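Following the working numbering, the numbering of the sequence shown begins with 9 at its first residue and continues without gaps. Every residue gets a Cβ at the ideal spot worked out from N, C-alpha and C, and that includes glycine. Small disclaimer: the values here were computed from a predicted structure and weren't measured. Heads up: the structure comes next, in structure tokens.
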Amino acid sequence: MTEPTAVRLARGVVAALLRAGITEVVLAPGSRNAPLAFAVWDAARAGRLRLHTRIDERTAGFLALGLTRVGARAAVVCTSGTAVANPHPAVLEAAHSAVPLVVVSADRPASLRGTGASQTTDQVRMFGDAAAFVDVAEEVELPALDALLAPGAGSPGPLQLNVQLSGALVPVDPWPAADIPSASPPDGPRIAGSRAADVYRARLAEGAAHVLPAGPRTVVVAGDDAGPPARMLAEAAGWPLLAEPSSGARTGPNALRCYRLLLDTDLGAQVERVVVVGHPTLSRPITRLVERADVEVVSVRHAGRWARRPFPVAAEHDAVAAPDSPSPADATWLAAWQEADRAAARRVDALVAAEGEPTPYEVAGTVARALPAGGLLVVGASSPIRDLDLMGAVPPAGQRRLVLANRGLAGIDGTVSTAIGAALGRPHSTRALALVGDVTFLHDHGGLVLGPREEQPDLTIVVVNDDGGSIFAMLEQGDPAHADAFDTLFGTPHGVDLASLCAATRTPHWRVESVAELEHALASPAGGVEVVEVRVRRDNRRALDTALRGLGA
Numbered sequence: 009m010t011e012p013t014a015v016r017l018a019r020g021v022v023a024a025l026l027r028a029g030i031t032e033v034v035l036a037p038g039s040r041n042a043p044l045a046f047a048v049w050d051a052a053r054a055g056r057l058r059l060h061t062r063i064d065e066r067t068a069g070f071l072a073l074g075l076t077r078v079g080a081r082a083a084v085v086c087t088s089g090t091a092v093a094n095p096h097p098a099v100l101e102a103a104h105s106a107v108p109l110v111v112v113s114a115d116r117p118a119s120l121r122g123t124g125a126s127q128t129t130d131q132v133r134m135f136g137d138a139a140a141f142v143d144v145a146e147e148v149e150l151p152a153l154d155a156l157l158a159p160g161a162g163s164p165g166p167l168q169l170n171v172q173l174s175g176a177l178v179p180v181d182p183w184p185a186a187d188i189p190s191a192s193p194p195d196g197p198r199i200a201g202s203r204a205a206d207v208y209r210a211r212l213a214e215g216a217a218h219v220l221p222a223g224p225r226t227v228v229v230a231g232d233d234a235g236p237p238a239r240m241l242a243e244a245a246g247w248p249l250l251a252e253p254s255s256g257a258r259t260g261p262n263a264l265r266c267y268r269l270l271l272d273t274d275l276g277a278q279v280e281r282v283v284v285v286g287h288p289t290l291s292r293p294i295t296r297l298v299e300r301a302d303v304e305v306v307s308v309r310h311a312g313r314w315a316r317r318p319f320p321v322a323a324e325h326d327a328v329a330a331p332d333s334p335s336p337a338d339a340t341w342l343a344a345w346q347e348a349d350r351a352a353a354r355r356v357d358a359l360v361a362a363e364g365e366p367t368p369y370e371v372a373g374t375v376a377r378a379l380p381a382g383g384l385l386v387v388g389a390s391s392p393i394r395d396l397d398l399m400g401a402v403p404p405a406g407q408r409r410l411v412l413a414n415r416g417l418a419g420i421d422g423t424v425s426t427a428i429g430a431a432l433g434r435p436h437s438t439r440a441l442a443l444v445g446d447v448t449f450l451h452d453h454g455g456l457v458l459g460p461r462e463e464q465p466d467l468t469i470v471v472v473n474d475d476g477g478s479i480f481a482m483l484e485q486g487d488p489a490h491a492d493a494f495d496t497l498f499g500t501p502h503g504v505d506l507a508s509l510c511a512a513t514r515t516p517h518w519r520v521e522s523v524a525e526l527e528h529a530l531a532s533p534a535g536g537v538e539v540v541e542v543r544v545r546r547d548n549r550r551a552l553d554t555a556l557r558g559l560g561a
């Protein structure tokens, strides 16, 4: 008996995904996407892909994002209507981070657009120009998908396949395994979480790097996804390396732990040239540095939806290389930064330890120490990644940890799901950790909803719980002049019992009261997904941050 048209079309789409090397599919259930659901089920049973099912499309989108960030190729499959709008935050993050996330949206036939048909809306280019788009209505259109899905095809970012499905939505018989293509191998290992670092390495290999002249006192700024080339440049030239935790470059002797404290000192005032690699977004001192009129900024082009820098750039190149003959003065320049960094780190550690109770800074430092070489750490936006930036010791070159963060738009959306996806996609990690704030955790606690048939990674999620949004306490709105309105508008205390929340999803939960207890919990993972909660104060956060800022001198 001939299979329905919708079933044949869905199988053709899934076959194209497999030929493109997509071996991870996250499915959110629905009726209109039933032909796609049956097709990925058959492909999973045949061993061609791994299937993950989630009830929430937003969670599904970020799970697929996390899988893709660690080098797996992943697609999220959803039904029609509001379902298609829910992965939008993940698509935006992928667009600004140049992550090739694929969204397969089931749709009604085009003839029903503009009518009141159930669950029908305008899904054409639902994500605007944040994602490439193709409408698939007939089997004759399927061959074009191979070129569209090929690794490296088009712009480095998301793709929406909108599949119009009509008629009968369930198969007559299972899809024969012999007819299901095997997945093509991936397009090579990734350096970091997106294509940006891979592209940079390719440019260097092709000899396309611009050789920088010696002379100006230079620092290398490595933002998110800069990759090892930023470290290699700094070491080859003998320049200080100011590397964010998720840069993929924060190792080796040139990387400075307390760089953001040093930029407002006399040493920082001596910087004459900055080489910017990746997507730097963490530090206001870095922003002030690259906006200085007396500093020459050399930018390495980076991938992403908006690649133009938000600050003046003197020159931009596909890749840059160290001077042929580095200046002897560079060794003295680097040594001054290294000594200042060591001194600042000692002062920071002494101040934090003197608090006598757990602080967000100590938690970040403890998590960083618990991550072994080859480990994976996913860090939430707002305070945690900035705390890690200051407290995370710089490991030696060759002992790289993969630190990921959704820095494309730096939102708190979907961080739990991103971490679970990253841990699932990188099972060879020696350890997988996540560091998030309580608001970030609550924003995506639905990521803990895993059915009994779903695969769980070994992942420890450390939640720094200060009962609200402490990041705002350190900004202008945290000034005491706004104290009356602060909690209502920004602090947003929630009073949620995280233990009860975790119990609802049968997620193991530990509440620790000291750094020693945190170290013990991190040294003894329970297996599977677990949550370790550390309660800290919020009322002293602004004063502590102010004290730390003064330790650079």
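Legend entry - Residues near glycine 558 in its chain [Cβ-Cβ closer than 8 Å; skip 5 each side]: none
With a CB to CB cut of under 7 Å and the five nearest residues on each side skipped, what residues in its chain are close to proline 331?
-> Val219, Leu220, Pro221, Ala222 and Ala245
Backbone secondary structure at phenylalanine 141 - three-state DSSP:
strand
Checklist entry - Looking only at its own chain, which residues have a Cβ that is under 6 Å from the Cβ of alanine 68, when we skip the five neighbours before and after it? => result Val34, Ala36, Arg62 and Val84
Original post:
Are the Cβ atoms of valine 306 and valine 283 separated by less than 8 Å?
Top reply: yes
Which residues in the same chain as alanine 200 place their Cβ atom closer than 6 Å to its Cβ, once the five residues preceding and following it in sequence are excluded? Confidence at alanine 200 is low in this model, with a pLDDT of 39, below 50, so the placement of that residue should be treated as unreliable; the coordinate-derived value is given next. The residues are Asp233, Gly235 and Gly256.
query = Would the region 530-544 and the region 466-483 be scored as touching if the rule is three or more Cβ pairs under 8 Å?
reply = yes
Q) Hey, is the region 423-431 in contact with the region 72-88, meaning 3+ C-beta pairs nearer than 8 Å? A) yes
Open item on the list: My parser needs the beta strand (DSSP E) runs of 3 or more residues fully inside the region 9-61; what are they?
Closed with: 32-35 and 58-61
- Query: glutamine 346 by DSSP, collapsed to three states: which one?
  - Reply: helix
Alpha carbons only, please: which of Arg81, Gly445 and Arg19 is nearest the one belonging to aspartate 187? Arg19
Count the other CB atoms within 10 Å of the CB of leucine 25; is the residue buried (16 or more) or exposed (fewer)?
buried
- 6 Å Cβ shell around histidine 104 - same chain, five flanking residues per side excluded: Gly312, Arg313, Gly416 and Leu417
Q.
Considering only their Cβ atoms, is the gap separating glycine 445 from valine 472 smaller than 8 Å?
A. yes
**Asked** Near valine 178, which residues of its chain fall below 7 Å by C-beta distance, leaving aside the five closest residues on each side in sequence?
**Response** Ala42 and Phe46
Straight-line gap, arginine 203 to glycine 79 (C-alpha atoms, nearest Å): At arginine 203, the pLDDT of 49 sits below 50, so the modelled position is not reliable and the matter cannot be decided from this model.
Problem - Inter-stretch contact at 8 Å, needing at least 3 Cβ pairs: the region 157-174 / the region 98-118 - result: yes
Worksheet item: How would you write the range of the beta strand (DSSP E) that aspartate 395 sits in, first residue to last?
Response: First-last for aspartate 395: 391-399, but that is the alpha helix (DSSP H), not the beta strand (DSSP E).
Buried or exposed: proline 488, going by 16 or more other Cβ atoms within 10 Å of its Cβ? exposed
* To do: Compute the distance between the beta-carbons of alanine 139 and proline 166, then report whether it is under 8 Å.
  => yes
- [ ] Please go through the same chain and pick out, in chain order, the residues whose beta-carbon is closer than 7 Å to the beta-carbon of tyrosine 369, but skip the five residues on each side of it.
- [x] Val360, Asp395, Leu398 and Met399
| field | Reference arginine 225, options Ser88, Pro97 and Gln278, closest by Cα | value | Gln278
Check your understanding: Between which two residues does the beta strand (DSSP E) carrying isoleucine 469 extend?
Key -> 467-473
Give the C-beta separation of alanine 344 and leucine 275 to the nearest angstrom, bearing in mind that I take them to be a contact with Cβ-Cβ under 8 Å. 6 Å
DSSP on histidine 453, reduced to helix/strand/coil? helix
message = Alpha carbons only, please: which of Glu149, Ile30 and Ser390 is nearest the one belonging to glycine 476?
response = Ser390
* Report the option in Thr513, Asp474 and Glu525 whose CA atom is closest to the CA atom of glycine 503. => Asp474
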